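Chemist: Please see the structure below; I have some questions.
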Amino acid sequence: MKKWIILCSVIVLSAIMYMTKPSQDDYTAWLLENMSDRMEGQSPMMSMGLSLFGEQMIENRTEVNDYLLFNTFKTEFRGKELKFIGVFHTFIPLSLDGE
619 MKKWIILCSV IVLSAIMYMT KPSQDDYTAW LLENMSDRME GQSPMMSMGL SLFGEQMIEN
679 RTEVNDYLLF NTFKTEFRGK ELKFIGVFHT FIPLSLDGE
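So the number in this note's numbering is just where the residue sits in the sequence shown, counting from 1, plus 618.
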């Protein structure tokens, strides 16, 4: 009986993970928002450039790997490599180059 409960729990959790893994579009929007927040109050030209070209720049510099239950995202930006895992509609940092 316990084995069936554990098996059913694993199946349900796997299904939820699969259905809630974020897409590249989700990642792009999330990263663009975070970058905009961090650059707020800094160079107005940089903020304007990010708002105009940020989405395309992120998409072109991002590598996505799909592992069925989650995705990994690797983006190179301004000489840094950002790595995140996308699971449950959330992005968890794996490594931030230089940190």
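Ideal Cβ positions, reconstructed from N, Cα and C, are used throughout, including at glycine. The model shown is predicted, which means the values in this text are computed figures rather than measured ones.
Below 9 Å between beta carbons: does that hold for PHE695 and PHE702?
Modeler: Their beta carbons are not under 9 Å apart, which means PHE695 does not touch PHE702 by this criterion.
Chemist: Looking at the structure shown, is LYS639 part of a helix, part of a strand, or coil, going by DSSP?
Modeler: Coil, per DSSP.
Chemist: Give me the Cβ distance between LEU687 and TYR636, rounded to the nearest whole Å; I'm assuming they're in contact under 8 Å.
Modeler: That pair is a contact at about 6 Å.
Chemist: Let me check understanding here. Comparing Cα to Cα, which of THR680, LEU650, ARG679 and VAL630 lies closest to GLY667?
Modeler: Among THR680, LEU650, ARG679 and VAL630, the Cα nearest to that of GLY667 belongs to LEU650.
Chemist: With a threshold of 16 other CB atoms inside 10 Å of the CB of GLY704, please say whether the residue is buried or exposed.
Modeler: So GLY704 counts as buried.
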